[in-house]
Amino acid sequence: MNIAIAYILTLATFAVIDTAWLGSMGDRLYRPFIGSMLADNFRLAPAIAFYTLYAAGLTIFAVLPGLAEGGWKKALLWGGLFGLFAYGTYDLTNLATLKTWSLKLSLIDMTWGVIVSGGSSAIACALAAKALRLL
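Per full-length UniProt numbering, residue 1 is the first one in the sequence shown, and the count goes up by one each step.
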């Protein structure tokens, strides 16, 4: 039950914050660099798969350790590191292999990965701790 609550809160928090970022920054930040590579239509199934898997990673490696010991600050740290590793892997691979990918885009996106992953983990940890105290 603890894992399910932590996971649902992590998934909801991360998905809401990240989709808000993509909705507000997608055209201004990503389209100028990779517009020609973007799909004509949004593909929902891969997006759901990404959010499902990524939230599982944040839950396992950041939120649950925070709930076990250290609270939201530990979740913030481990979530931020998870984001750096995951977004860094994606961005640096793209920088190495794609003509239109830039260092600027990589640095912005990696910074976003740290912020959204750490912040979502901290928020989910704090909310889960409160929810579990109520049960």
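We treat Cβ as the ideally placed atom computed from N, Cα and C, and that holds for glycine.
Sequence-distant partners of V16 (beyond 5 residues in either direction) whose C-beta falls short of 7 angstroms from its own C-beta are missing from its chain. Excluding five sequence positions before and after A62, the CB atoms of its chain that fall closer than 7 angstroms to its own CB belong to A75, W78, G79, F82 and S121, given in chain order.
When the beta-carbon positions are compared, I48 and A131 stay at least 8 angstroms from each other. Contact between F85 and Y54 does not hold, since their C-beta atoms are separated by about 12 angstroms, which reaches or exceeds 8 angstroms. The beta carbons of D18 and V116 sit closer together than 8 angstroms.
Counting along the chain, W21 sits inside the alpha helix (DSSP H) bounded by residues N2 to M25. Between the alpha carbons of T59 and S102 lies a gap of roughly 31 angstroms. The Cβ atoms of T111 and S36 do not sit closer than 8 angstroms to each other. A distance below 7 angstroms between beta-carbons, with the five flanking residues on each side excluded, links W72 to the following residues of its chain, in chain order: G66, A122, C125 and A126.
Taken atom to atom, the span from the alpha-carbon of L134 to that of L9 is near 15 angstroms. Counted as a single uninterrupted DSSP element, the alpha helix (DSSP H) harbouring D109 occupies residues L103 to L134. The beta carbon of T97 lies closer than 6 angstroms to none in the same chain, with the five residues before and after it left out. Closest by C-alpha distance to Y87, out of M1, R43 and F50, is F50. The three-state secondary structure of T59, taken from DSSP, is helix.
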